[in-house]
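Worksheet for the structure shown next.
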Amino acid sequence: MTQKRNRIVDSLLHRYRRNRGLTVTDITATEWCEKKMEYTLLCGKPEKTKAMKAGSIRHEALEEEVIKKVKVHVASAEDVWALKFLNFIVGANQLLFDGLTRELPLVGFAEGVWMVGIIDEIRIPKGQSDAYPMLVDTKTRVRASLPSEPQRRNGRLQLMCYKHLWDSLVDDDFPSRQFFEFFSLNPNRILSAEIRENTAKCGFPAETLTDMLRYSRNTWCMLPPAHEQLLLRYELQEDQSFLGEDQFDYDLDWVKGQIKSSLEVWRGEREANYTPEDERWKCRSCKFASECPASNSGSPGGKDTEG
């Protein structure tokens, strides 16, 4: 029992994501290279590359085309979460009325852990309010070429994680008490005046986070499950020209298996693995290559980057 307790306390999950939860990016980063994810936590996140910054700017531009997020000053952790829930409600309503929303925040309980993420884009065909929403993610590319299979696989995992979270919400699989306990939140704390004013303006007068969660629950219970088809779009970073797309089927068993495999590392149940030998080309653009034994074994293939 003591050995298990020590493993939990020493785990990456306990040390770096306690009271925060995992992000979908944590899962995809682990799938990309478990050792790089571990180095990033232990040594600090490398500075963003030019390609990564350009990708972030493009995502912000796409968001501004569709939705104006509610932005207010927050005074507590409860305010932060109330704002997340409010932005979810506003975005979900826009999806139902306009058939499109972007940058929708999600939180859910998946495979025994709390997970958060932001869906890039959700579409419902116009005039088909009863249709299943399609989850979409746009990737920007430095080169005018489609990505390698490992990059596509990583993008597929990202979208499947979002669908997994989305579907758990619409099924109302949300343990409220565990949510408040895990994130150390007071469900009855009065929200800041600015938050309360904004929730009232949006038609959801909330005094506490409990109120805001109730409104969110009412919203996600009205939503249908996400479409079984998911879509990755690729465009050239330089001029936003369309390069291609990857439409694929959701695979619940596969995504659950990927999450569980990642959690083995995060929970300290096994050591982080180096990237497979046939994918060691990833090491060429890794900031930790100089201190990682895996990068010493060369492999064919050049540097490939997307945002």
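In our numbering, the protein residues as written are 243 to 549. For every residue, glycine included, the Cβ atom is placed at its ideal position computed from N, Cα and C. If you're wondering where the values come from, they're calculated on a predicted model, not measured in any experiment.
Neighbourhood of isoleucine 432 by C-beta distance below 7 Å, restricted to the same chain and skipping five residues each side: Glu449, Thr450
Cβ shell of lysine 502 (< 7 Å), same chain only, five flanking positions each side left out: Glu353
Could you tell me whether the Cβ of arginine 260 comes closer than 7 Å to any Cβ of chain D? In the displayed structure, chain D is absent; only one protein chain is listed.
In the DSSP assignment, find the unbroken beta strand (DSSP E) run with leucine 377 in it and report its ends. 376 to 383
Which of helix, strand or coil does DSSP assign to threonine 265? strand
Please state whether the Cβ-Cβ distance between tyrosine 476 and lysine 381 is less than 7 Å. yes
Look at the Cβ atom of tyrosine 199, then the Cβ atom of phenylalanine 530, and state whether they are nearer than 7 Å. One cannot answer for residue 199 here, as it falls past the ends of the chain, which runs 243 to 549.
Serine 434 versus glycine 445 - alpha carbon distance: 17 Å
Return the CA-CA distance between glutamate 344 and leucine 264, expressed in angstroms with no decimal places. Note that residue 344 corresponds to arginine in the displayed sequence, not to glutamate. Distance between the alpha carbons of arginine 344 and leucine 264: 21 Å.
Are lysine 287 and tyrosine 516 touching if we call contact CB-CB under 7 Å? no
Is the stretch 486 to 493 in contact with the stretch 460 to 476, if contact means three or more CB pairs nearer than 8 Å? yes
Quick one: Cα of histidine 256 to Cα of phenylalanine 422, how far? 17 Å
Looking at the secondary structure, which residues open and close the beta strand (DSSP E) in which tyrosine 476 lies? 471 to 478
With DSSP as the reference, please indicate the residues paired to arginine 344 in a beta bridge. Glu363
Report the three-state DSSP secondary structure of phenylalanine 351 (helix, strand or coil). strand
Euclidean distance between Cα positions of glutamate 533 and histidine 315: 42 Å
Taking arginine 395 as the reference, give the member of Asp491, Leu254, Pro535, Ala514 with the closest Cα. Asp491
Can you tell me which of the three DSSP states methionine 402 falls into? helix
Between Ile366, Trp408, Cys275, Thr267, which lies nearest to phenylalanine 330 when the distance is taken from Cα to Cα? Trp408
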